[in-house]
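What follows is one structure encoded as structure tokens, with my remarks underneath.
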Amino acid sequence: MGKEFIEIFEKWADTYDSSLTKDIEYKEVFRGYDQILDSVANKAFGEVVEFGPGTGNLTVKLLELGLSVTGIEPSPAMRKLADEKLKGKAVVKDGDFLSFTVEKKPDVFVSTYAFHHLTDKEKAEAITLYSNLLSSSGKIVFADTMFRSEEEYEKAKAAASQSGFHNLAADLAREYYSTIPKLKGMLEENGFTATFTRLNEFVWIMEGIKLQ
Ligand SMILES: C[S@@+](CC[C@H](N)C(=O)[O-])C[C@H]1O[C@@H](n2cnc3c(N)ncnc32)[C@H](O)[C@@H]1O
Numbered sequence: 001m002g003k004e005f006i007e008i009f010e011k012w013a014d015t016y017d018s019s020l021t022k023d024i025e026y027k028e029v030f031r032g033y034d035q036i037l038d039s040v041a042n043k044a045f046g047e048v049v050e051f052g053p054g055t056g057n058l059t060v061k062l063l064e065l066g067l068s069v070t071g072i073e074p075s076p077a078m079r080k081l082a083d084e085k086l087k088g089k090a091v092v093k094d095g096d097f098l099s100f101t102v103e104k105k106p107d108v109f110v111s112t113y114a115f116h117h118l119t120d121k122e123k124a125e126a127i128t129l130y131s132n133l134l135s136s137s138g139k140i141v142f143a144d145t146m147f148r149s150e151e152e153y154e155k156a157k158a159a160a161s162q163s164g165f166h167n168l169a170a171d172l173a174r175e176y177y178s179t180i181p182k183l184k185g186m187l188e189e190n191g192f193t194a195t196f197t198r199l200n201e202f203v204w205i206m207e208g209i210k211l212q
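Position 99, counted from 1, in the sequence shown is what the UniProt record's numbering calls 99; the numbers after and before it change by one each time, with no gaps.
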């Protein structure tokens, strides 16, 4: 479930890190990438589970903060690159947002640029699952592209097409970018307080703190 985009990452893995600064179409999506990862890492504590670590850039930052991290990554090519970067300091296991195993009770679930691979129905299922697994006062801290409304989402698709950014326009149409009101509702229905902070034109940090 939610793994229909893995082929894209199998092909992209080897050039992923270098493409972040080079691809003109995704310039705004990845603007401030390093600070976005820092902002997520700085909100984490204790036992951290990271979904879709890709090549392991956020994982490195979490480890530098002295946190214990388990990565859950469905793409074998990405897992290989993450293993090379992390040199055994964190385990990156096969799995996905909805199907994974953890050894210890997680304090925080983190993710960057990945939650939009789940449909809204799957996102709601995932948040219910995390609510049941988290320690009390545990958190979900996900940075991803999201929109304030369906209208804003439609405008972003049109703007990408008008700029001739056909890959970005196709991506926005194909994958499951959500709106903040929907995500806020999913968090609150599952007993989290929800805050959203904008980091560039596309990316927001969604932070859900589990109420005791
Ligand atoms: C755009 S990359 C982001 C990588 C990294 N988190 C970063 O910020 O650079 C998306 C990652 O999500 C992974 N992914 C795709 N579908 C997923 C799913 N259903 N569950 C977990 N990870 C998924 C991909 O394999 C890829 O590694």
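Just so it is clear, CB atoms sit at the ideal spot from N, CA and C, and this is done for glycine as well. This structure is a prediction, so every number in the text was calculated from the model and none was measured.
Not one heavy atom of ligand 1 sits closer than 8 Å to the Cβ of G32.
With a threshold of 16 other beta carbon atoms within 10 Å, H166 falls short and is exposed.
For F51, the three-state secondary structure derived from DSSP is strand. A160 carries a helical assignment under DSSP once its states are collapsed to helix, strand and coil.
In this structure, DSSP gives K93 an extended state, which the three-state scheme calls strand. Of L86, S99, T55 and A44, the smallest CA-CA separation from S19 is found for T55. Where T15 is concerned, there is no enclosing alpha helix (DSSP H), because DSSP gives it neither an H nor an E. DSSP links I6 through a beta bridge to no other residue. In terms of Cβ geometry, M206 and A124 do not form a close pair [threshold 9 Å]. Around the beta-carbon of R79, 16 or more other beta-carbon atoms lie within 10 Å, marking it buried. The Cβ atoms of P76 and D96 do not sit closer than 9 Å to each other. Burial is judged here by how many other beta carbons sit within 10 angstroms of a residue's own beta carbon; L62 has at least 16 and is buried. Classified as buried, A160 has 16 or more neighbouring CB atoms from the shown chains inside 10 Å of its CB. Around D34, the same chain offers no residue with a beta carbon nearer than 6 Å, after the five sequence neighbours per side are excluded.
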